[in-house]
Amino acid sequence: MRRQPSDRPENVLALAVAEVDRIKALLSRVTDSRGLVISTGSAEGDTTPPVEAGAHTLYGVKHTRAFRVTDGGGLDIDFEQGQIWMSGTFYSVAASSLTLADDDTSYVFVDNSGAVADNVTGFPGDCWPIAEVTTVGGDITAIADRRSYSAQGVWDGTMDADEILLPRVSGSTYDDVEDANTLFGSAGWFSGGALSDAGGGNINVTAGTGVLRSAATVTTQLLFIDWPASAGNAIPVGTTRYIGVEWNMGVPQV
Numbered sequence: 203m204r205r206q207p208s209d210r211p212e213n214v215l216a217l218a219v220a221e222v223d224r225i226k227a228l229l230s231r232v233t234d235s236r237g238l239v240i241s242t243g244s245a246e247g248d249t250t251p252p253v254e255a256g257a258h259t260l261y262g263v264k265h266t267r268a269f270r271v272t273d274g275g276g277l278d279i280d281f282e283q284g285q286i287w288m289s290g291t292f293y294s295v296a297a298s299s300l301t302l303a304d305d306d307t308s309y310v311f312v313d314n315s316g317a318v319a320d321n322v323t324g325f326p327g328d329c330w331p332i333a334e335v336t337t338v339g340g341d342i343t344a345i346a347d348r349r350s351y352s353a354q355g356v357w358d359g360t361m362d363a364d365e366i367l368l369p370r371v372s373g374s375t376y377d378d379v380e381d382a383n384t385l386f387g388s389a390g391w392f393s394g395g396a397l398s399d400a401g402g403g404n405i406n407v408t409a410g411t412g413v414l415r416s417a418a419t420v421t422t423q424l425l426f427i428d429w430p431a432s433a434g435n436a437i438p439v440g441t442t443r444y445i446g447v448e449w450n451m452g453v454p455q456v
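Numbered per our numbering, the sequence shown spans residues 203 to 456.
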């Protein structure tokens, strides 16, 4: 049978004071940033303990599994596949494993050839760090994620749009930024291209900028272009002329 609180004034007051203290405690946990509070109260029994907020790791499993290192048993580590741009070259690295030195700290990284490697001396200057792994007595005792570190110069260079992958269903025909730009865009005007009467049945067109395809298909690459000014374009009497910019074998013109 559920116990009902007494109606006596002193009991009601005691319950009210206890409730105020409970609310103050909950509010203090919110305002001092110690965590998210989830609490349920009742006429009897304790409240549900607060749920503490865990550390939010940018390069943790909730964000990316690329190059994530895990204990493979014994002195072995497993690392997951990943893609990386280093020193002007794009690498796609398959998942694999490494066997580390015993009773030491190993530094695991992607080297300047795009391979995952390790040593016990420290991260080289031309690498992308992955993890520091400690081994003792033939076993791995600690793995410290170092994917948030970036050695100077690792990210120098440029990457083509067709090397930047977008979310996809496995096997899809289109999968990268270049495809998205090509398929979602269309030929168009950005600036310039103003028309003016040049007299004598002629018009002038100012230089301009825009995007254009080299062929009339939706899968032909969409390219940024500039075109030069064009003067003295004749418009015969009694005719209608449509003025535009053509591809012209890669030299756009009015």
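Here a beta-carbon is modelled for each residue, glycine too, at the ideal position from N, C-alpha and C.
This structure is a prediction, so every number in the text was calculated from the model and none was measured.
Rounded straight-line distance, which links the Cα of residue j to that of residue i
i, j, result
"TYR376", "PHE386", "12 Å"
"PRO331", "ASP273", "17 Å"
"ALA303", "ASN314", "22 Å"
"GLU334", "GLY290", "26 Å"
"ALA436", "ARG443", "9 Å"
"GLN455", "ALA297", "50 Å"
"VAL371", "ASP378", "12 Å"
"ILE445", "THR422", "23 Å"
"ALA363", "GLN285", "14 Å"
"PHE311", "PHE325", "7 Å"
"ASP399", "ALA431", "14 Å"
"ARG415", "GLY373", "26 Å"
"GLN283", "SER299", "11 Å"
"ASP278", "ILE342", "8 Å"
"TRP429", "GLU448", "9 Å"
"ALA382", "ALA268", "23 Å"
Residues that residue i bridges to, as DSSP identifies them
i, result
"VAL371", "Its beta-bridge partners do not exist; DSSP assigns none."
"TRP330", "VAL312"
"ARG415", "LEU424"
"VAL447", "For VAL447, which the question treats as bridged, DSSP gives no partner whatsoever."
"THR291", "MET288"
"GLY394", "GLY410"
"ALA319", "PHE311"
Cβ-based burial, residue i [other Cβ within 10 Å; buried from 16]
i, result
"GLY410", "buried"
"VAL338", "exposed"
"TRP391", "exposed"
"LEU260", "Residue placement at LEU260 is poorly supported in this model, since its pLDDT is 38, which falls under 50; the coordinates still yield a value, given next. Under this definition LEU260 is an exposed residue."
"GLU221", "exposed"
"VAL322", "exposed"
"ASN450", "exposed"
"VAL407", "buried"
"THR441", "exposed"
"LEU178", "No information on residue 178 is available, as it lies outside the stretch 203 to 456 that the chain covers here."
"LEU217", "exposed"
Residue i versus the options, residue with shortest Cα-Cα distance
i, options, result
"GLU365", "SER350, TRP287, GLU282", "TRP287"
"GLY380", "LEU368, SER372, ASN404", "Sequence check: residue 380 is Glu here, not Gly. The candidate whose alpha carbon is nearest that of GLU380 is LEU368."
"ASN404", "VAL439, PHE269, VAL318, ALA333", "VAL439"
"ASP320", "THR422, VAL407, ALA400, TYR309", "TYR309"
"GLY394", "GLY401, GLY402, GLY412", "GLY412"
"ARG349", "VAL407, THR441, ARG270", "ARG270"
"GLY340", "GLY276, TYR293, THR301", "GLY276"
"ILE427", "ARG267, VAL453, GLY373", "VAL453"
"VAL318", "ASP306, SER294, ASP305, THR336", "SER294"
"THR336", "ALA417, ILE345, GLY434", "ILE345"
"PHE292", "ALA218, ASP223, GLY316, ARG224", "GLY316"
"THR419", "ALA433, GLY434, GLY401, ALA389", "ALA389"
"ASP347", "THR301, GLY401, PHE281", "PHE281"
Extent of the continuous alpha helix (DSSP H) to which residue i belongs
i, result
"ALA400", "Counting along the chain, ALA400 falls outside any alpha helix (DSSP H), though it belongs to the beta strand (DSSP E) covering 397-401."
Residue i: first and last residue of the uninterrupted beta strand (DSSP E) it sits in
i, result
"PHE386", "No beta strand (DSSP E) contains PHE386, which is instead part of the alpha helix (DSSP H) from 379-386."
"LEU300", "298-301"
"ASP278", "278-281"
"ASP362", "No beta strand (DSSP E) contains ASP362, which DSSP labels as neither H nor E."
"VAL271", "271-275"
"GLY434", "432-436"
"ALA344", "341-347"
Residue-chain proximity (residue i, chain B), Cβ-Cβ < 8 Å
i, result
"SER350", "This model lacks chain B altogether; it includes just one protein chain."
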